[in-house]
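All remarks here apply to the structure that follows.
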Amino acid sequence: MRMSSKKFSRITPPWMVLLVLALVVSMARPGTCAQRFCITGPAVAESLVFAVMAEQELAGPGIEFIMWNSPDQARAMIASGRTQASLITTTGAATFCNKGLRVGIAGVFSSALWVVSTDTFNRKPLTGTILFPFGPGEMPGLVFRAAMGESTPELSVQHTGGAMEAVNRLLMGRAGHALLAEPAASLAVVRSRELNNAPRLFKHMDLRGIWSQKFNDRPLCVSCLALFGDAVDRTDRIKKMISGYGLALEWIKAHPEQTHALAAKKFPVLAVLPKGRADGAGILRTDGNALDGARFFLEKIFAMDPDALGGKLPGPGLFMNPGLFMNQDCL
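Under the numbering used here, the first residue of the sequence shown is numbered 1199, with each subsequent residue one higher.
Below, the structure is given as structure tokens:
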């Protein structure tokens, strides 16, 4: 199977059809975190920072963090109103906006996104098989296509159910590469040195550098902190979260044992990070350069696959004013 635009064709998923129904149901029945301010996120390094922020009340009391395990789970929690904020892709935020949900992006991340390879594939262009977590049309594959263009004509593509499945398949020698965020990228490298007869893995390339070189030093802002519904108006809470995220990064450095214990107890997949570090965790940025980079990212993805954004580019109101945090109609 060769990499081509056809491989990345997208079919509108059933969850979009049920979005309005889910919103109606959520109004009738409160969900998890209804009485608290709930933040959700995937198994990535930034989620550990949010978890520490909530545990230590670094953004004030009343915040809870819940990890999600798949894009479908995240969509269900957001559509049903069970979370007020989430670490999601910027394209995911744009899609929810286009489907009628009130959304505001308060900040964006430029985080590590590694191509992890076996030591038998140590040169460009990439050949063999690359694994993308999640299904066709999800962000890993689209970001790779946008950054690499047509420079990998001999690369075959396979999709996995998630990052950990991709790591395991690499360790079993069933692929030559995988596109992984942290901590999955570090886990893959560490495990390859611990297991007998497993391929040796290394961090081959970070797509941030490739993106920056290709697009005039623009940052690669794949993910964001998005607010939903009435939470968009809670400006004081949002400001505290942005400040609290930075405080949590510093807290992690100063309290490595406590951080590791928290991860091991509540989020075992994040416990593989070296103690006292949140490797690959990007700074939560609200500056104009980062927000412009995120807008550019949406434009590039939309040009390849409009359905990845819900059919159209959202207006500038999707990005909240970093000073006032006032959101306008994103349509």
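In this text, a Cβ means the ideal position worked out from N, Cα and C, and glycines have one as well.
This one's a predicted model, so the numbers in the text were calculated from it and none came from an experiment.
Could you tell me the distance, in whole angstroms, from the CA atom of residue i to the CA atom of residue j?
{"i": "L1393", "j": "F1426", "result": "43 Å"}
{"i": "I1440", "j": "W1266", "result": "21 Å"}
{"i": "L1482", "j": "R1406", "result": "16 Å"}
{"i": "L1418", "j": "A1396", "result": "32 Å"}
{"i": "H1357", "j": "R1367", "result": "11 Å"}
{"i": "S1410", "j": "S1354", "result": "25 Å"}
{"i": "H1375", "j": "F1342", "result": "12 Å"}
{"i": "M1518", "j": "A1461", "result": "31 Å"}
{"i": "V1388", "j": "D1428", "result": "43 Å"}
{"i": "D1404", "j": "S1390", "result": "19 Å"}
{"i": "G1371", "j": "S1268", "result": "24 Å"}
{"i": "W1449", "j": "R1435", "result": "20 Å"}
{"i": "Q1456", "j": "L1468", "result": "13 Å"}
Please tell me whether residue i and residue j are closer than 8 Å, where the distance is taken between their beta carbons.
{"i": "L1399", "j": "V1314", "result": "yes"}
{"i": "A1424", "j": "S1284", "result": "yes"}
{"i": "G1360", "j": "P1331", "result": "yes"}
{"i": "V1242", "j": "E1363", "result": "no"}
{"i": "L1340", "j": "D1503", "result": "yes"}
{"i": "A1373", "j": "I1328", "result": "yes"}
{"i": "E1262", "j": "R1234", "result": "yes"}
{"i": "A1249", "j": "K1464", "result": "yes"}
{"i": "G1442", "j": "M1251", "result": "yes"}
So which of the options has the shortest CA-CA distance to residue i?
{"i": "L1445", "options": "E1253, R1234, G1491, T1238", "result": "E1253"}
{"i": "F1294", "options": "S1278, F1342, R1391, H1375", "result": "S1278"}
{"i": "M1346", "options": "W1312, D1434, A1304", "result": "W1312"}
{"i": "N1487", "options": "D1415, P1240, L1256", "result": "D1415"}
{"i": "T1289", "options": "P1514, L1507, L1516, M1518", "result": "L1507"}
{"i": "D1431", "options": "K1412, G1302, N1296", "result": "G1302"}
{"i": "L1369", "options": "A1386, A1382, L1377, P1351", "result": "A1386"}
{"i": "L1447", "options": "C1236, E1244, L1377", "result": "E1244"}
{"i": "T1281", "options": "P1454, A1452, G1239, K1451", "result": "G1239"}
If you run the structure through DSSP and keep just helix, strand and coil, what is residue i?
{"i": "W1409", "result": "helix"}
{"i": "A1226", "result": "Any reading at A1226 must be qualified, since the residue scores a pLDDT of 31, below 50, and its modelled position is unreliable; no value is offered."}
{"i": "C1422", "result": "strand"}
{"i": "S1390", "result": "helix"}
{"i": "I1276", "result": "helix"}
{"i": "Q1526", "result": "With a pLDDT of 42 at Q1526, under the threshold of 50, the predicted position of this residue should be treated as unreliable, and no value is reported."}
{"i": "D1404", "result": "strand"}
{"i": "L1378", "result": "strand"}
{"i": "W1312", "result": "strand"}
{"i": "M1199", "result": "Annotation note: pLDDT 40 at M1199 (below 50); position unreliable, coordinate value reported separately. M1199: coil per DSSP, three-state reduction."}
{"i": "P1269", "result": "helix"}
{"i": "R1493", "result": "helix"}
{"i": "I1436", "result": "helix"}
{"i": "T1358", "result": "strand"}
{"i": "T1325", "result": "coil"}
{"i": "P1259", "result": "coil"}
{"i": "G1515", "result": "helix"}
{"i": "L1285", "result": "strand"}
{"i": "V1341", "result": "helix"}
Exercise. Can at least three beta-carbon pairs, one atom from the stretch 1261-1275 and one from the stretch 1490-1509, be found at a separation below 8 Å?
Worked result: No, the stretch 1261-1275 does not touch the stretch 1490-1509.
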